[in-house]
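As given, the protein sequences belong to chains Y and P, one line each in that order.
At position 66 of the first sequence (counting the first as 1) the number is 65 in numbering that gives the first Met the number 0, and the numbers step up by one without a gap.
At position 107 of the second sequence (counting the first as 1) the number is 106 in numbering that gives the first Met the number 0, and the numbers step up by one without a gap.
Beta carbons: idealized from backbone N, C-alpha and C, even for Gly.
Number of protein chains: 2
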Amino acid sequence: MPSASALNAPHVVVDWGTTSFRAVLLAADGTQRDRIETGDGIQFVEKHAFEDRLLALLAPWLAAEGPLDIVLVGMVTSRNGWIEVPYVPCPCSVEDLAKGTITRTLANGSRTILLAGINDPARAPFPDVMRGEETQIVGFGLADDATLVLPGTHSKWARVAGGRISGFRTFVTGEFFALLTQHSFIARAAAGSESAGEDMAAFERGIADGSPEGAEGDAMLSLVFAARTGMLAGKLAPGEIRDYVSGLLIAQEFRQARNCGFFARSEFSKGNRIGIVGNDGLNRRYAIVARHFGLDVVEGSDHAAIDGARQILAAAKGDLT
Amino acid sequence: MPSASALNAPHVVVDWGTTSFRAVLLAADGTQRDRIETGDGIQFVEKHAFEDRLLALLAPWLAAEGPLDIVLVGMVTSRNGWIEVPYVPCPCSVEDLAKGTITRTLANGSRTILLAGINDPARAPFPDVMRGEETQIVGFGLADDATLVLPGTHSKWARVAGGRISGFRTFVTGEFFALLTQHSFIARAAAGSESAGEDMAAFERGIADGSPEGAEGDAMLSLVFAARTGMLAGKLAPGEIRDYVSGLLIAQEFRQARNCGFFARSEFSKGNRIGIVGNDGLNRRYAIVARHFGLDVVEGSDHAAIDGARQILAAAKGDLT
């Protein structure tokens, strides 16, 4: 695996998403020197205006440092962004990801390196996709075989094997949680309790009810109705429903990941390890559920995305120079 | 089972729900003589005002016929309605349902008979509930053992055995469909195609993808992401997404009903019968999915709700007179 020491000058990593622009200026050794965050998401930028906007947003750094390597990650590399970078197919190594980048030299001599997303052609009925999370996976590390989960609106389960990302699968758990708690019968039942603090006891009850021993747990469309029947039975208070449903859905995600073959069923509850990577505030909840399923948890670094971008940049440097 | 001939005078059946009031005037033999439908849902009626509103809405019939037996079904019998009728527990017969009714004599000498909903104390983690669908099940018939599905926002799977409703389970499939197609990433992808007609070919593709042979089908949280990956792969057009997701979710409902034990797994695809009861426009879709799973379909009558109300009324008459 390329080491971060392959970089020998300051550089920039930009996570440019639909609604925000977040850049970090890094020293050659990866030390963070400065940070710029704005609301200039790609939805507000015309297709032809990305270069000018990028140079304007980074002007203070470019004035001080001269031309820089600028790694771009996120939806800026999608069809709706600046340049669509084709997906790199699994299984893929850091070198494959480096080869999949697209480089543009800018007016001031800086180079932007747009990272590729990845897809998994082995998934049915259609290849699965991610764009951005693969950088976090690289930052977590590809040296040891591992199973990882990256919690989020669309969380990603990935396998690392033989120094490569060997495959992955998306679970839309976070989106279901938002839909149920904002727009459904559950939203109406919980109305008025939004400002209540976290109720981790209700979360734990949701985990237990979301993955019972028996076959009833294989019917998610039915299980979530417990949010209503629990109220009717006087066993769930309005203020408990959000965290109860959160636990129930994340437990279902783990159960379904197990049932669909992400772990061998026989191994799932026997001390398998799982890496949890991400920074959307859900890692603690996923760790609790993972332990409920008997898994050993390895928590990823908060800097996984930047570490991964630096590794891919380092591997790409040979092609760039 | 009590026969409809036990009734010897005209009577009224009212389905009084949250947003609508629907009444039918029936001859003693069940022939429909008249119909009144208004938007006077229970949410617009003060607790103390139900009797006056009912007498006002039915005034033409009461003037012509004199006092009548008026069966009330639906949310008017719930906590938010006129009088909360306690749930009758499964297993329950027509006689049990008749005993569970609450009768009020009105100012003009009419009698209202409020029907009970039912619950299933055997369900985990909390007793499941229905209020209204049990009347349709009675109308379908309790004489022969059967498995029934009543499609809807919250569809109900029920078992009939030994002349009783022996148990049931709710699946919130219709609610998930509405959430996904109105508020989620799927809504955004399908935007602009709402006015397209039914695409039953897309529906059939959704069925196939929603219940593949392998274990991948046991991960609904992941399968629904196919609505996005199919678009990205150029295999799903915006106009196909709604019906594709409809097929996928209903297929998941059947798969989960099988997996959670509603049918013995070994029997599910060997010509088991399933009754489909209801009138919310989904019966045709449920019949297609049922046949995909190898089930023989028995379609219920459009009049199941009225037939059931008449049977319960007939059984209750002994207590009333």
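Rounded to whole angstroms, what is the Cα-Cα separation between G65 (chain Y) and P59 (chain Y)? Taking the straight line from one Cα to the other gives about 10 Å.
Report all residues from its chain with a CB closer than 6 Å to the CB of H153 (chain P); omit the five preceding and five following residues, and keep chain order. T169, V171.
Hey, how far is the Cα of E133 (chain P) from the Cα of I117 (chain P)? Going by the C-alpha atoms only, they are around 7 Å apart.
Can you pull the chain P neighbours of K155 (chain Y), defined as C-beta to C-beta under 9 Å? In chain order: nothing, as chain P lies at least about 10 Å away.
Pairwise C-alpha distance: R32 (chain Y) and P9 (chain Y): Near 9 Å, if we compare the C-alpha coordinates of R32 (chain Y) and P9 (chain Y).
Using 8 Å as the Cβ pair cut-off and three pairs as the minimum, do the segment 231–247 of chain P and the segment 201–221 of chain P touch? Inter-segment contact for the segment 231–247 of chain P and the segment 201–221 of chain P is present: three or more beta-carbon pairs are separated by less than 8 Å.
What are the boundary residues of the alpha helix (DSSP H) that Q255 (chain Y) is part of? Per DSSP, Q255 (chain Y) belongs to the alpha helix (DSSP H) from 240–258.
Short Cβ contact (8 Å threshold) for L220 (chain P) with L6 (chain P): Taking C-beta atoms as the reference points, L220 (chain P) and L6 (chain P) fail to come closer than 8 Å.
For S221 (chain P), the three-state DSSP class (helix, strand or coil): Looking at S221 (chain P) - three-state DSSP - the assignment turns out to be helix.
Quick check on H182 (chain P) - is its C-beta less than 8 Å from some C-beta in chain Y? Closer than 8 Å to the CB of H182 (chain P) there is at least one CB belonging to chain Y.
Using only alpha-carbon positions, find the residue among P:L147, P:L105, P:L178 that is nearest to S300 (chain P). Comparing Cα-Cα distances from S300 (chain P) to each of P:L147, P:L105, P:L178, the minimum goes to P:L147.
Mapping DSSP to helix, strand and coil, what is T152 (chain Y)? DSSP, reduced to helix, strand and coil, places T152 (chain Y) outside both helices and strands of the structure shown, so it counts as coil.
On the three-state DSSP scale, how would you describe E321 (chain P)? There is simply no residue 321 (chain P) to check, as chain P begins at 0 and stops at 320 in what is shown.
Kindly confirm or deny that the segment 100–111 of chain Y and the segment 67–86 of chain Y touch, where touching means at least three C-beta pairs closer than 8 Å. With a cut-off of 8 Å, the segment 67–86 of chain Y and the segment 100–111 of chain Y count as touching, because enough Cβ pairs lie within range.
Counted within 10 angstroms of its Cβ, other Cβ atoms place G108 (chain Y) as buried (16 or more) or exposed: Burial call: exposed.
Short CB-CB distance (under 8 Å) between V339 (chain Y) and chain P: No information on residue 339 (chain Y) is available, as it lies outside the stretch 0 to 320 that chain Y covers here.
Beta-carbon of E252 (chain Y) versus every beta-carbon of chain P: anything under 8 Å? At least one beta carbon of chain P lies nearer than 8 Å to the beta carbon of E252 (chain Y).
Say the cut is 7 Å; is the CB of I35 (chain Y) nearer than that to a heavy atom of the ligand GDP? Annotation note on the ligand GDP: not contained in the displayed structure, which lists no ligands.
C-beta neighbour in chain P for T102 (chain Y), strict 8 Å: So no, T102 (chain Y) is outside the interface.
Distance between V223 (chain P) and K234 (chain P) (C-alpha atoms, nearest Å): So the two alpha carbons sit approximately 15 Å from each other.
When the cut-off is 8 Å and only beta carbons count, does A225 (chain Y) lie next to chain P? Cβ-Cβ to chain P under 8 Å: yes for A225 (chain Y).
For H10 (chain P), list the residues DSSP reports as bridge partners. According to the DSSP secondary-structure assignment, H10 (chain P) is paired through a beta bridge with P:L25, P:D68.
Where does the unbroken beta strand (DSSP E) through N118 (chain P) begin, and where does it stop? Run containing N118 (chain P): 117–119, per the beta strand (DSSP E) assignment.
CA-CA distance, R227 (chain P) and A97 (chain P)? Distance from the CA atom of R227 (chain P) to the CA atom of A97 (chain P), rounded to whole angstroms, is 50 Å.
Pick helix, strand or coil for P88 (chain Y), following the three-state DSSP scheme. P88 (chain Y) falls in the strand class under three-state DSSP.
Among Y:I136, Y:G216, Y:E252, Y:I240, whose alpha-carbon lies nearest the alpha-carbon of I305 (chain Y)? If we check each option's Cα against that of I305 (chain Y), Y:I136 comes out closest.
Span of the alpha helix (DSSP H) around Q31 (chain P): Careful: Q31 (chain P) lies outside any alpha helix (DSSP H), inside the beta strand (DSSP E) at 31–37.
In chain order, what residues of the segment 195–220 of chain Y put their CB closer than 9 Å to some CB of chain P? Along the segment 195–220 of chain Y, the positions whose C-beta sits under 9 Å from a C-beta of chain P are R204, A207, D208, P211, G213, A214, E215, G216, D217, A218, M219, L220, read in chain order.
Chain-order list of residues whose beta-carbon lies under 8 Å from that of L141 (chain P) (same chain, five-residue window excluded): Answer for L141 (chain P): M0, S92, V93, V159, G162, R163, I164, listed in chain order.
Under 7 Å Cβ-Cβ, which residues of chain Y neighbour P126 (chain P)? The answer, in chain order, is T228, A232.
For P211 (chain P), the nearest candidate out of P:F184, P:Q255, P:P237, P:M230 (CA to CA): P211 (chain P) has its Cα closest to that of P:Q255, out of P:F184, P:Q255, P:P237, P:M230.
Selection from Y:A145, Y:G196, Y:R257, Y:A188 that minimises the alpha carbon distance to V288 (chain Y): Among Y:A145, Y:G196, Y:R257, Y:A188, the Cα nearest to that of V288 (chain Y) belongs to Y:R257.
Alpha carbon of I41 (chain Y) to alpha carbon of A201 (chain Y), nearest angstrom: Between I41 (chain Y) and A201 (chain Y), the C-alpha separation is close to 38 Å.
C-beta neighbour in chain P for L333 (chain Y), strict 8 Å: In this structure chain Y extends from 0 to 320, so residue 333 (chain Y) is not present and cannot be described.
Name the DSSP bridge partner or partners of E298 (chain Y)? For E298 (chain Y), which the question treats as bridged, DSSP gives the partners Y:I275.
Would you give the residue range spanned by the beta strand (DSSP E) that T104 (chain Y) belongs to? 101–104 is the extent of the beta strand (DSSP E) around T104 (chain Y).
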